[in-house]
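Below is one structure; the comments refer to it alone.
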Amino acid sequence: MNEDDQDRMKKLLKQALPPVKEDAEPRRNLWPAMLRRMDARPTTAVWAGFSSAWFDGALAAGLVALIAISPASIPIILYYL
Amino acid sequence: MQNDESYVLNQFQQGDAAAFETLFHQHQRTVYCWVLRITRNSAAAEDLTIETFWRIFSAHARFDPARGFEGWARRIATRAALDWLRAGRTESELSTEMLAEAMAPIEADPALTAEIRLKTAMAFARLPAKLRTAATLAVIEELPQRDVAAALGISVAAVKLRVFRALRLLRKDLEKQGITP
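Chains as they are written, first to last, in our numbering: chain A, 1 to 81; chain B, 1 to 181.
Following this line, the structure appears as structure tokens:
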């Protein structure tokens with residue numbers, strides 16, 4: 001895709017999705033909701049952190065195994081990173 | 001004034017709730033606008049503004065007052081918005097705002113039909129979240145690539161690459177639908 005193609009795509013994209021107005025504001029006062037969120041006990045935080053760490057570790061191990069078995073997959077993995 | 005700001009930032013870093021409230025009121029609109037730019041959904045942007053400030057509040061001890069609040073908040077907001085985009089959002093869930101934007105009459109190019117703009121918006125919504133976010137901020141919002149890179153925590157070169165890949169995938173998707181941009 002050359003520069004002209006890129007420019008055409010950019011123009012099309014901007015016409016399909018115009019930029020957000022700079023004076024946009026929330027439709028409601030968010031502070032009461034923020035206070036409710038702060039008062040709520042983070043009961044799942046510990047488990048979620050563990051779960052996330054476990055998943056990240058498993059994913060990393062899987063990628064290492066894939067690279068060891070099939071080094072040809074490195075460019076594909078890099079592409080999707 | 002500068003001393004007041006420094007004081008509030010230092011107090012927040014130590015976990016002071018009043019300082020956090022001050023920062024919330026000072027920066028909620030900026031954070032909301034930033035998240036709205038990425039999600040293009042006002043209801044989600046409101047929820048994500050709260051989520052962002054919750055993450056900010058939870059991470060107060062890691063905040064470095066010397067590096068300023070806004071950039072830090074923007075990075076956290078970007079991560080929250082990306083999480084939301086990754087949570088299974090597809091073109092079938094295009095917000096009414098996005099549909100309205102795509103269907104609205106435009107003066108710039110009358111030859112570009114509402115159908116093409118809608119299909120473009122839907123194809124764009126199908127892109128991977130990180131490509132879509134980079135293209136949204138750099139192309140649609142026309143923000144400086146340096147700012148986009150800082151918000152995404154990547155280099156300017158990586159922003160350019162993500163935008164290029166987003167545009168290429170978008171073009172391929174449209175070509176499959178018989179639309180030649």
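The beta carbon of each residue, even a glycine, is placed where N, CA and C say it ideally should be.
Output, in chain order, the set of chain A residues within a Cβ distance shorter than 8 Å of residue i.
| i | result |
| --- | --- |
| Glu141 (chain B) | Pro19, Val20 |
| Ile50 (chain B) | Leu30, Ala33, Met34, Arg37 |
| Leu137 (chain B) | Here the premise fails: no neighbours, minimum Cβ distance about 10 Å. |
| Arg74 (chain B) | Under the 8 Å cutoff, chain A gives no residues; its nearest Cβ is about 15 Å from Arg74 (chain B). |
| Pro144 (chain B) | Those do not exist, as Pro144 (chain B) stays about 14 Å from chain A at its closest Cβ, beyond 8 Å. |
Along chain A, in chain order, which residues have C-beta atoms closer than 9 Å to that of residue i?
| i | result |
| --- | --- |
| Phe24 (chain B) | Leu30, Trp31, Met34 |
| Ser155 (chain B) | Per Cβ cutoff of 9 Å: no residues; Ser155 (chain B) is ~13 Å from chain A at best. |
| Glu46 (chain B) | Pro26, Arg27, Arg28, Leu30, Ala33 |
Roughly how many whole angstroms lie between the Cα atoms of residue i and residue j?
| i | j | result |
| --- | --- | --- |
| Glu115 (chain B) | Arg37 (chain B) | 23 Å |
| Arg36 (chain A) | His60 (chain B) | 18 Å |
| Ala17 (chain B) | Ala157 (chain B) | 39 Å |
| Leu66 (chain A) | Phe55 (chain A) | 16 Å |
| Cys33 (chain B) | Glu22 (chain A) | 7 Å |
| Thr49 (chain B) | Ala77 (chain B) | 7 Å |
| Val139 (chain B) | Pro71 (chain A) | 35 Å |
| Pro128 (chain B) | Lys160 (chain B) | 15 Å |
| Ala43 (chain B) | Leu30 (chain A) | 11 Å |
| Glu5 (chain B) | Arg55 (chain B) | 21 Å |
| Pro181 (chain B) | Ala61 (chain A) | 42 Å |
| Leu118 (chain B) | Gln177 (chain B) | 12 Å |
| Ser155 (chain B) | Ala68 (chain A) | 29 Å |
| Asp7 (chain A) | Pro75 (chain A) | 28 Å |
| Gly153 (chain B) | Lys130 (chain B) | 11 Å |
| Ala24 (chain A) | Val35 (chain B) | 11 Å |
| Gln145 (chain B) | Leu169 (chain B) | 20 Å |
| Pro19 (chain A) | Tyr79 (chain A) | 29 Å |
| Ala40 (chain A) | Asp5 (chain A) | 51 Å |
Near residue i, what residues of its chain come up, given a Cβ to Cβ distance below 7 Å and the 5 sequence neighbours on each side ignored?
| i | result |
| --- | --- |
| Leu23 (chain B) | Val8, Phe12, Phe69 |
| Leu63 (chain A) | Ile77 |
| Ala19 (chain B) | Val8, Gln11, Phe12 |
| Phe63 (chain B) | Phe12, Gln13, Trp72 |
| Glu3 (chain A) | none |
| Ala66 (chain B) | none |
Under 8 Å, do residue i and residue j count as touching if we go by C-beta distance?
| i | j | result |
| --- | --- | --- |
| Leu17 (chain A) | Arg40 (chain B) | yes |
| Arg165 (chain B) | Met9 (chain A) | no |
| Asp173 (chain B) | Ala123 (chain B) | yes |
Out of the options, which one is the CA nearest neighbour of residue i?
| i | options | result |
| --- | --- | --- |
| Thr52 (chain B) | A:Met38, A:Gly57, A:Trp54, A:Phe55 | A:Met38 |
| Ala121 (chain B) | A:Asp5, A:Leu12, A:Asn2, A:Met1 | A:Leu12 |
| Glu46 (chain B) | B:Ala66, B:Ala80, B:Phe20 | B:Ala80 |
| Ala85 (chain B) | B:Leu167, B:Ala125, B:Val31 | It is Leu, not Ala, that sits at residue 85 (chain B) in the sequence shown. The option with the nearest alpha carbon to Leu85 (chain B) is B:Ala125. |
| Glu142 (chain B) | B:Ser155, B:Ala129, B:Val163 | B:Val163 |
| Lys14 (chain A) | B:Leu161, B:Phe57, B:Leu167, B:Glu175 | B:Leu167 |
| Thr30 (chain B) | A:Ala33, A:Pro26, A:Pro32, A:Met9 | A:Pro26 |
| Thr113 (chain B) | B:Ile179, B:Gln28, B:Glu21 | B:Ile179 |
| His25 (chain B) | A:Tyr80, A:Val20, A:Met34, A:Ala24 | A:Met34 |
| Phe57 (chain B) | B:Glu175, B:Ala151, B:Glu21, B:Leu137 | B:Glu21 |
| Arg75 (chain B) | B:Glu175, B:Leu169, B:Asp147 | B:Asp147 |
| Leu82 (chain B) | B:Leu169, B:Gln145, B:Thr136 | B:Thr136 |
Starting from the beta carbon of residue i, find every residue of chain B whose beta carbon is closer than 8 Å, and list them in chain order.
| i | result |
| --- | --- |
| Pro75 (chain A) | Per Cβ cutoff of 8 Å: no residues; Pro75 (chain A) is ~14 Å from chain B at best. |
| Leu13 (chain A) | Thr120, Phe124, Ala135, Val139, Ile140, Leu167, Leu170 |
By the criterion of Cβ-Cβ separation under 7 Å, what are the contact partners of residue i in chain A?
| i | result |
| --- | --- |
| Phe57 (chain B) | Met38 |
| Phe53 (chain B) | Met34 |
| Arg29 (chain B) | Glu25 |
| Leu36 (chain B) | Val20, Ala24 |
| Arg117 (chain B) | Gln15, Ala16 |
Who are the Cβ neighbours of residue i in its own chain at under 8 Å, not counting the five residues just before and after it?
| i | result |
| --- | --- |
| Gly15 (chain B) | His60, Ala61 |
| Gln28 (chain B) | Thr49, Phe53 |
| Ser73 (chain A) | Leu66, Ile67 |
| Ser92 (chain B) | Any reading at Ser92 (chain B) needs caution, since the residue's pLDDT is 48, under 50, leaving its predicted position unreliable; the model's value is listed next. Result list for Ser92 (chain B): empty, nothing under 8 Å. |
Listing by chain order, which chain B residues have their CB less than 9 Å from the CB of residue i?
| i | result |
| --- | --- |
| Asp5 (chain A) | Leu167, Arg168, Arg171, Pro181 |
| Ala68 (chain A) | Per Cβ cutoff of 9 Å: no residues; Ala68 (chain A) is ~26 Å from chain B at best. |
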